[in-house]
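Each residue of the sequence shown is one higher than the last, beginning at 1 in the UniProt record's numbering.
Yeah, the Cβ is synthetic: ideal placement off N, Cα and C, and Gly gets one too.
These notes concern the structure reproduced below.
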Amino acid sequence: MGQRIEMTWQPDQQSATPKYQQIISYFLTRIQAGDWPIGDQLPTQRQLAQQFGVNRSTVSQAMTILLADGVLTTAHGGGTRIASNSWSVMMAHDPMNWQDYISSGEFVANQPAIQRINDLEGRGDLIRMSTGELGPDLYPKTFIQRAMRQATGQLTNLNYLPPLGLKELREALVQRLRKWGIDTTPDNVLITSGSLQSLQLIAVSLLEKGATVYTTPASYLKSLRVLQSVNANFAELPVDDNGPQYWHIKPTDRQRLLYTIPTFDNPGGTVMGAQRRADLLSFAKSHQLPIIEDTAYQDIWLDEQPPKPLKANDIAGNVLYLGSISKSLAPGMRLGWLVGSAAIIKRLADVKMQTDYGASSLSQQVLTAIFADPGYDDYLTGMRAAIRTRRDNAQRELERQLGDVATWNRPSGGFYIWVTLAPEISVAKLFDAAVTAGVLLNPGVVYDSQATQQIRLSYGYETPERFTEGLTIIASLIHQQLR
């Protein structure tokens, strides 16, 4: 249950900093230093007021903020105790700014290239060579219809669900996560409208202005503006075949975190090895580094099952785990999940309720039925076989048609091939010419401003025949440029 905390500190009566803010800073400093472990009990507010030489209302103001940010917790008959020493401490670093972020909701406009791609994907006449989702022909129609019939047959209402989401779905997720080595509880799971909403909630709820977000040089995160909308700064980490070289993360007084897709990175397709994952977790623990682990492609392994997620060995609670069915089943259901400490999940759930009052009740009922169906794992096996066929076809066609003017990776899962074209090829001209010829592709600059010679191809959306047709057009346009 922890020890009872004793202290001799008092706020500086001459300081211009309000006393309640001094109290908050003092608490955070002691918790961050490890002086007050999780579970230790604080004196009563009356006792603290006497110790600090302040009004009880001043102590109450400080405690209210620390409780709201999940740093402290209360229990009936158990007093006030230390609840968290990692994410929640970071979250409360500048508590006066959080309400500004939550209430402002301002977004930076998306990249013009992304806006154009989004518009063009609405056309039905283009071969979509870069779309990051399963092709319509792979949709398991019969399986989904069965789950829908089961779900609707059990419905008694479609009212709002609890802040964390449908309990039965969270329980089903706990069971599925256990297969990946993650031991958690329904109270540590928040249902979101896809991983993108999870990132949005983190941005507006946990990041202070000027926070540093470490990523790989080419990153899916850079195709979004959700973090720039809260004035976060990107810092690039060198990468190798094992993923980001985390040891280049610099110690700083400012807030910083790492965003990573350790399993089939987007767009590079890299898989972080088991030893790199273990070393990263050790580094994160010793340096109080929060990690956002995006696992959107985890189920789409094609050659062999990848190492366990970072969250599976996250003893210190540094990792926020993002999952979704958008890549492995149905993006239109708009369902994802976020796994973390109870204090953080509660905080994010509160923000979510302020923005959309919960993900679709019907979608959550249907996904619960899907997870309960023994046929779901059979579907995943069949889906992986189909994607493997598409991956192999894409590799053959690239070698046949672009082997003389490009290099690329051979992904062992996910959807993406990161193609580097010869320096004399203009990707901007190729993009425009391809659209005119009926083909849509994603330029590398969407993911990295320096990736002027790269394109991201996806073998997940189009059939092998359509992919081959689209690549033939792209190859013809490239060779026209070279002539």
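As assigned by DSSP and simplified to three states, the class of residue i
i	result
Leu280	helix
Ala406	strand
Thr389	helix
Ser363	helix
Ser15	coil
Pro136	helix
Ile478	helix
residue 485	The chain is shown from 1 up to 483; residue 485 falls before or after that span and cannot be answered.
Tyr26	helix
Glu293	strand
Pro307	coil
Thr73	strand
Val59	helix
Met96	Only weak support exists for where Met96 lies, its pLDDT of 45 falling under 50; the value from the coordinates is given anyway. Note: Met96 maps to helix in three-state DSSP.
Val446	helix
Leu224	coil
Ala451	coil
CB contact below 9 Å: residue i versus chain C
i	result
Thr44	Included in the structure is just one protein chain, with no chain C present.
Residue i: first and last residue of the uninterrupted beta strand (DSSP E) it sits in
i	result
Ile249	Counting along the chain, Ile249 falls outside any beta strand (DSSP E), and DSSP gives it neither H nor E.
Gly336	336-339
Ala235	233-236
Leu206	Per DSSP, Leu206 belongs to no beta strand (DSSP E); it is in the alpha helix (DSSP H), 195-206.
Leu258	256-260
Val213	212-215
Same chain, Cβ closer than 6 Å to residue i, five either side skipped, listed in chain order
i	result
Ala49	Arg56, Val59
Ala475	Gln401, Leu402
Leu440	Leu120, Leu126, Arg128
Arg178	none
Ala451	Ala218, Gly444, Val445
Ala113	Val446
Ile315	none
Asn110	The predicted model places Asn110 with a pLDDT of 47, which falls under 50 and marks its position as unreliable, so this point remains unresolved.
9 Å Cβ cutoff met for residue i and residue j
i	j	result
Gln395	Leu169	no
Gly323	Leu338	yes
Val189	Gly165	yes
Thr263	Gly413	yes
Arg4	Pro43	yes
Gly181	Asn313	yes
Ala83	Ala349	no
Gly18	Gly53	For the record, residue 18 in the displayed sequence is Pro; it is not Gly. No.
Tyr416	Ser449	no
Leu302	Pro140	no
Ile387	Ile455	no
Leu257	Thr212	yes
Arg277	Leu310	yes
Tyr297	Ser328	yes
Bridge partners - residue i, DSSP secondary structure assignment
i	result
Val54	DSSP output for Val54 lists no bridge partner at all.
Ser324	Gly336
Gln41	Arg4, Arg81
Ile417	Leu457
Tyr379	In the DSSP output, where bridge partners are listed per residue, Tyr379 has none listed.
Ile191	Trp337
Pro162	None, per the DSSP bridge assignment.
Ile127	Val439
Val319	Ile291
Trp301	Gly413
Val271	Thr263
Residues near residue i by beta carbon distance below 8 Å, same chain, minus five either side
i	result
Glu236	Tyr214, Thr215, Thr216, Pro217
Ser363	Met333, Arg334, Leu335
Lys285	Ile315, Ala316, Asn318
residue 487	The displayed coordinates of the chain run from 1 to 483. Any statement about residue 487 would go beyond what the structure contains.
Contacting residues, own chain, Cβ-Cβ under 7 Å from residue i (five flanking each side not counted)
i	result
Gly210	Asn231, Asn233, Arg254
Ala147	Val366, Ala369, Ile370, Asp373
Ala433	Leu477
Thr472	Gln401
Trp98	Annotation note: pLDDT 42 at Trp98 (below 50); position unreliable, coordinate value reported separately. Closer than 7 Å at Cβ, skipping near neighbours: no residue.
Thr355	none
Tyr20	Thr58, Gln61, Ala62
Gly273	Asn242, Pro307
Bounding residues of the alpha helix (DSSP H) (the contiguous stretch that carries residue i)
i	result
Glu121	112-121
Asp432	427-436
Glu168	167-178
Asp350	342-355
Arg149	141-153
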